[in-house]
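Position one of the sequence shown corresponds to residue 1 (the working numbering), numbered consecutively onward. Don't be surprised by glycine CBs; every beta carbon is placed ideally from N, CA and C. Shown next, in structure tokens, is the structure this report addresses.
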Amino acid sequence: MDLLSINKIYNVIKIAELVYGSERTHRSETFVDKLSDYLADFNMTGGCSVNILYKYIDEFSQEEKAEVIALIWLGRGISHGHLEDFPNFRKKVLQIIPENHATSYILERPLLAKYLRDGLQKVDVSTFASS
């Protein structure tokens, strides 16, 4: 990873776990989920809204977002998820995902924290401190 710091990745993981839960399985968002997100934005509940994660990731550069997505792909095991695939994934992201859609693409992954952790393991930075 050239541009994206390990701390930023760990921050995304921490926020994603607050938003989606640490071991959340895929399920569609219900009205109650949407209402909870809305209330969390106004500090009326103790939950964490997806909007906080959106705002954090949206401040990343296009290249940093591409590295996050490449790390997600690596963690998901796309193309068997080998470390050698990472630079190609990053280039592919920049080619196929429009800059204005990258943040939404990242947030559409309910298993975001898991994919990022798995991707970090494959790039051998899993031993770094997460704080």
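For Ala66, collect the residues of the same chain with a Cβ closer than 6 Å to its Cβ; drop the 5 residues on either side in sequence, then sort them by chain order. Here residue 66 refers to the residue found at position 66 of the sequence shown. So the list reads Arg90, Val93 and Leu94, once near-sequence residues are dropped.
Within its chain, find whatever has a CB closer than 6 Å to the CB of Gln62; leave out the 5 residues flanking it on each side and keep chain order. Looking up residue 62 in the sequence shown gives position 62. So the qualifying residues of the chain are Glu99.
How long is the line joining the alpha carbons of Lys8 and Lys14, rounded to whole angstroms? Residue numbering aside, residue 8 sits at position 8 when the sequence shown is read from its first letter. Residue numbering aside, residue 14 sits at position 14 when the sequence shown is read from its first letter. C-alpha separation (whole angstroms): 10 Å.
Specify the secondary structure class of Glu67 as computed by DSSP and reduced to three states. As a first step, residue 67 is located in the sequence shown; it is residue number 67 there, counting from the start. Helix, per DSSP.
When the distance is taken between beta carbons, is Ile106 closer than 9 Å to Ala72? Residue numbering aside, residue 72 sits at position 72 when the sequence shown is read from its first letter. Residue numbering aside, residue 106 sits at position 106 when the sequence shown is read from its first letter. A quick correction: the sequence has Ile, not Ala, at residue 72. Yes. Within cutoff.
Rank Pro110, Ile57 and His82 by C-alpha distance to the C-alpha of Gly119 and give the top, closest one. Along the sequence shown, one-based indexing puts residue 119 at 119. Selected option, being the one with the closest Cα: His82.
In whole angstroms, what separates the C-alpha of Tyr115 from that of Tyr10? Reading the sequence shown from its first residue, position 115 is the one you call residue 115. Reading the sequence shown from its first residue, position 10 is the one you call residue 10. Their backbone Cα atoms lie some 12 Å apart in a straight line.
Per DSSP, what kind of secondary structure is Glu17 in: helix, strand or coil? As a position in the sequence shown, residue 17 is number 17, starting the count at 1. Correct three-state label for Glu17: helix.
For Asp85, does the three-state DSSP call read helix, strand or coil? Here residue 85 is taken as the residue at index 85 of the sequence shown, counted from 1. In this structure, Asp85 counts as helix in the three-state DSSP scheme.
Note down the Cα distance separating Leu18 from Arg117, rounded to an integer number of angstroms. By 1-based counting over the sequence shown, the position of residue 18 is 18. By 1-based counting over the sequence shown, the position of residue 117 is 117. Taking the straight line joining both Cα atoms gives about 15 Å.
Put Ser61 into one of helix, strand or coil per three-state DSSP. Numbered from 1 along the sequence shown, position 61 holds the residue referred to as residue 61. In the structure shown, Ser61 sits in coil (DSSP, three-state: anything other than H, G, I, E or B).
Specify the secondary structure class of Arg76 as computed by DSSP and reduced to three states. In the sequence shown, the residue the question calls residue 76 occupies position 76. Helix.
According to the neighbour-count rule (16 or more other Cβ atoms, all chains shown, within 10 Å of its Cβ), is Ile78 buried or exposed? Along the sequence shown, one-based indexing puts residue 78 at 78. The residue in question, Ile78, is exposed, as its Cβ has fewer than 16 Cβ neighbours within 10 Å.
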